[in-house]
Amino acid sequence: MKYVSTRGDAPVLEFGDALLTGLAIDGGLYVPAELPRFTDAQLRGWRDRPYAEVATGVLADLVTPTLDEDELGPLVEGAYSSFDHPDVVPLRWLGDDGWLLELFHGPTLSFKDIALQLVGGLFERQLALTGRTVTIVGATSGDTGSAAIEAMRDREGIELVMLHPSGRVSEIQRLQMTTVDAPNITNVAVEGTFDDCQDLVKALFADRALRDEVGLAAVNSINIARVLAQSVYYVTAALALGVPDRRVGFTVPTGNFGNIYSGHLSRARGLPVERLTVATNRNDILARFLCEGEMRIADVEPSLSSAMDIQVSSNFERLLWEVLDRDGAAVGEVMAEFRTTGRLPVGAEVVDRVRAGFGGDRRSDDEILATIADVHDRHGVVIDPHTAVGVGVDRELGEDADVAHVMLACAHPAKFGATVERAIGQAPELPPRLADLEHRPERYLTVANDLDTVREIVRSQSS
Ligand SMILES: *Cc1c(COP(=O)(O)O)cnc(C)c1O
15 MKYVSTRGDA PVLEFGDALL TGLAIDGGLY VPAELPRFTD AQLRGWRDRP YAEVATGVLA
75 DLVTPTLDED ELGPLVEGAY SSFDHPDVVP LRWLGDDGWL LELFHGPTLS FKDIALQLVG
135 GLFERQLALT GRTVTIVGAT SGDTGSAAIE AMRDREGIEL VMLHPSGRVS EIQRLQMTTV
195 DAPNITNVAV EGTFDDCQDL VKALFADRAL RDEVGLAAVN SINIARVLAQ SVYYVTAALA
255 LGVPDRRVGF TVPTGNFGNI YSGHLSRARG LPVERLTVAT NRNDILARFL CEGEMRIADV
315 EPSLSSAMDI QVSSNFERLL WEVLDRDGAA VGEVMAEFRT TGRLPVGAEV VDRVRAGFGG
375 DRRSDDEILA TIADVHDRHG VVIDPHTAVG VGVDRELGED ADVAHVMLAC AHPAKFGATV
435 ERAIGQAPEL PPRLADLEHR PERYLTVAND LDTVREIVRS QSS
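Numbered per my numbering, the sequence shown finishes at 477, counting up by one with no gaps.
In structure tokens form, the structure reads like this:
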């Protein structure tokens with residue numbers, strides 16, 4: 015499979031190179047040049063098969079010739095053996111509300127593990143093949159950091175330096191990062207905000223000499239391998255609920271448009287999906303676009319579902335490329351104007367094409383708390399604030415008895431214990447494998463918000 019940039023002005027790459035490249039040199043995002051369709055026989059054959067086997071089947075055409083199925087299979091097995099549920103992504107019935115698709119059974123309790131556990135293995139193999147080493151540098155406001163650290167720990171050829179804003183991530187989120195005891199992991203608490211951390215990372219990537227010296231790399235949400243890995247659970251969930259003999263619709267809490275775009279990929283490959291519904295919090299740029307037809311940037315406001323506090327949904331560019339008929343130059347112009355004016359310059363025809371594929375709505379913090387309480391009262395199930403955004407939006411969709419409703423549960427409620435406690439009066443417990451988290455020794459550096467200091471840390475870790 016070849017991968018092309020959404021802006022049409024970067025080299026066409028095989029999967030392995032797109033994996034290591036991340037952002038294309040023209041500023042675009044890599045997308046598969048074509049989408050091999052699932053056959054009816056494939057879909058029926060995957061029903062009731064183990065998750066890793068279906069994942070290997072779904073991804074095989076997308077990673078060849080970088081990997082053949084015999085090489086991919088063991089990497090996929092390894093990635094999902096770290097999950098603490100035999101189904102990897104179990105479905106839980108919520109009665110008349112539909113089905114929760116639980117994506118939080120990985121080592122760090124958020125859906126980001128599903129992509130990153132696999133990306134870790136893919137990175138390591140690709141580096142070994144090409145004889146390269148990399149230093150991954152990232153900034154995190156919470157979930158991404160721990161998922162990346164768990165994915166990359168103890169891997170050959172990889173150093174990872176993760177910056178977080180000192181005192182501004184939750185205690186559980188900090189502990190999940192700083193208690194990982196692996197020689198290739200360095201945690202840095204920066205005396206500043208998340209934006210300061212991001213600015214530091216950007217400045218490091220802008221330093222060409224450093225980039226070449228240490229082989230700077232990123233594993234952020236625009237990496238195509240993450241998007242592909244996430245497309246698998248739409249297939250397994252749909253099959254478990256009876257597709258292709260039954261209809262199914264998904265509601266997806268989203269900020270970066272990453273998770274839901276993965277669902278779109280599986281639908282575009284022929285998985286029968288009735289609808290894909292975007293669920294946002296008060297940072298509702300996507301919902302406003304779908305409802306009102308205009309995409310305009312507003313200020314980011316903190317919400318109870320913090321992993322979705324995003325205004326620029328970077329993966330949306332991949333969909334834009336499709337609805338602009340794969341015209342890279344047009345995508346480049348639209349994105350440039352979006353960046354300078356804060357408004358996406360597209361006409362009604364483009365809006366209609368997006369609306370044909372996606373619905374969307376938003377939920378406020380009060381509605382998040384009410385939904386957590388109500389789901390707990392009526393079903394005895396505790397959900398996290400991000401999941402609550404999706405459940406709240408899904409409820410407004412109305413009944414169609416023929417369509418199974420699937421709501422993506424993106425984090426374990428114990429990751430957001432304070433909010434859950436506000437809603438239901440008790441804090442959820444961590445799963446057994448993290449129960450002693452508070453007693454594990456922490457390792458991290460605390461530094462001033464200073465580029466030279468951070469650069470020296472990156473340099474010394476990579477040598
Ligand atoms: C990252 C994250 C999201 C948002 O994912 P997108 O890639 O923006 O769709 C939602 N919920 C949780 C818990 C997350 O960690």
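We put the beta carbon where it would ideally sit given N, CA and C, even for glycine.
From a predicted model like this one, the values you see are computed outputs, not experimental measurements.
Tell me the residue span of the alpha helix (DSSP H) that contains residue i.
{"i": "leucine 105", "result": "No alpha helix (DSSP H) contains leucine 105, which is instead part of the beta strand (DSSP E) from 105-107."}
{"i": "leucine 43", "result": "Premise fails: leucine 43 is in no alpha helix (DSSP H) and is neither H nor E."}
{"i": "proline 2", "result": "Nothing about residue 2 can be read from this structure; the chain reaches only from 15 to 477."}
{"i": "leucine 76", "result": "65-77"}
{"i": "proline 399", "result": "399-409"}
{"i": "histidine 390", "result": "379-393"}
{"i": "phenylalanine 208", "result": "208-220"}
{"i": "histidine 278", "result": "272-282"}
Please classify residue i: is it buried, with 16 or more other beta-carbons within 10 angstroms of its beta-carbon, or exposed?
{"i": "leucine 190", "result": "Leucine is not the amino acid found at residue 190; the sequence shown has glutamine there. Looking at its Cβ environment, which holds 16 or more other Cβ atoms inside 10 Å, glutamine 190 is buried."}
{"i": "threonine 149", "result": "buried"}
{"i": "tryptophan 113", "result": "buried"}
{"i": "valine 26", "result": "exposed"}
{"i": "threonine 433", "result": "buried"}
{"i": "arginine 222", "result": "exposed"}
{"i": "glutamate 116", "result": "buried"}
{"i": "leucine 333", "result": "buried"}
{"i": "arginine 188", "result": "buried"}
{"i": "threonine 20", "result": "buried"}
{"i": "arginine 331", "result": "It should be pointed out that residue 331 corresponds to glutamate in this sequence rather than to arginine. Burial call: buried."}
{"i": "aspartate 298", "result": "buried"}
Residues bridged to residue i by DSSP?
{"i": "phenylalanine 264", "result": "Leu290, Val420"}
{"i": "arginine 478", "result": "In the structure as shown, the chain begins at 15 and stops at 477. Residue 478 is therefore absent and cannot be evaluated."}
{"i": "leucine 230", "result": "Thr149"}
{"i": "tryptophan 113", "result": "Trp107, Val420"}
{"i": "arginine 188", "result": "Partner(s): none; arginine 188 has no beta bridge."}
{"i": "serine 124", "result": "Ala425"}
{"i": "glutamate 28", "result": "Lys16"}
{"i": "arginine 357", "result": "Arg310"}
In whole angstroms, what separates the C-alpha of residue i from that of residue j?
{"i": "threonine 193", "j": "alanine 129", "result": "22 angstroms"}
{"i": "threonine 80", "j": "aspartate 341", "result": "27 angstroms"}
{"i": "arginine 169", "j": "leucine 34", "result": "15 angstroms"}
{"i": "alanine 69", "j": "tryptophan 60", "result": "9 angstroms"}
{"i": "leucine 57", "j": "leucine 49", "result": "16 angstroms"}
{"i": "alanine 312", "j": "histidine 400", "result": "20 angstroms"}
{"i": "glutamine 475", "j": "glutamate 173", "result": "7 angstroms"}
{"i": "valine 90", "j": "alanine 66", "result": "6 angstroms"}
{"i": "aspartate 380", "j": "threonine 354", "result": "34 angstroms"}
{"i": "glycine 145", "j": "threonine 460", "result": "33 angstroms"}
{"i": "alanine 243", "j": "leucine 73", "result": "7 angstroms"}
{"i": "glycine 41", "j": "alanine 343", "result": "12 angstroms"}
{"i": "tyrosine 17", "j": "alanine 32", "result": "7 angstroms"}
{"i": "arginine 296", "j": "arginine 302", "result": "10 angstroms"}
Could you spell out the range, first to last residue, of the beta strand (DSSP E) harbouring residue i?
{"i": "serine 19", "result": "16-19"}
{"i": "phenylalanine 376", "result": "The sequence given here has arginine at residue 376, not phenylalanine. First-last of the beta strand (DSSP E) with arginine 376: 373-376."}
{"i": "asparagine 201", "result": "199-205"}
{"i": "alanine 312", "result": "Segment: none, alanine 312 is in no beta strand (DSSP E) and carries neither H nor E."}
{"i": "histidine 178", "result": "172-179"}
{"i": "alanine 462", "result": "459-462"}
Can you give the beta carbon distance from residue i to residue j, rounded, assuming they're within the 8 angstroms contact cut?
{"i": "phenylalanine 118", "j": "alanine 423", "result": "6 angstroms"}
{"i": "valine 215", "j": "leucine 177", "result": "7 angstroms"}
{"i": "serine 180", "j": "glutamate 205", "result": "5 angstroms"}
{"i": "glycine 374", "j": "valine 292", "result": "3 angstroms"}
{"i": "leucine 43", "j": "isoleucine 236", "result": "5 angstroms"}
{"i": "threonine 265", "j": "glycine 404", "result": "5 angstroms"}
{"i": "aspartate 408", "j": "alanine 425", "result": "About 17 angstroms; that fails the 8 angstroms criterion."}
{"i": "alanine 38", "j": "alanine 55", "result": "That belief does not hold up - the Cβ atoms of alanine 38 and alanine 55 are roughly 35 angstroms apart, past 8 angstroms."}
{"i": "alanine 162", "j": "valine 233", "result": "6 angstroms"}
Less than 7 angstroms separating the Cβ of residue i from some heavy atom of ligand 3?
{"i": "tyrosine 458", "result": "For ligand 3, the structure offers nothing, since it holds only ligand 1."}
Would residue i count as contacting chain C if we go by Cβ distances under 8 angstroms?
{"i": "isoleucine 163", "result": "Protein chain content of the structure displayed is limited to a single chain, and chain C is not contained in it."}
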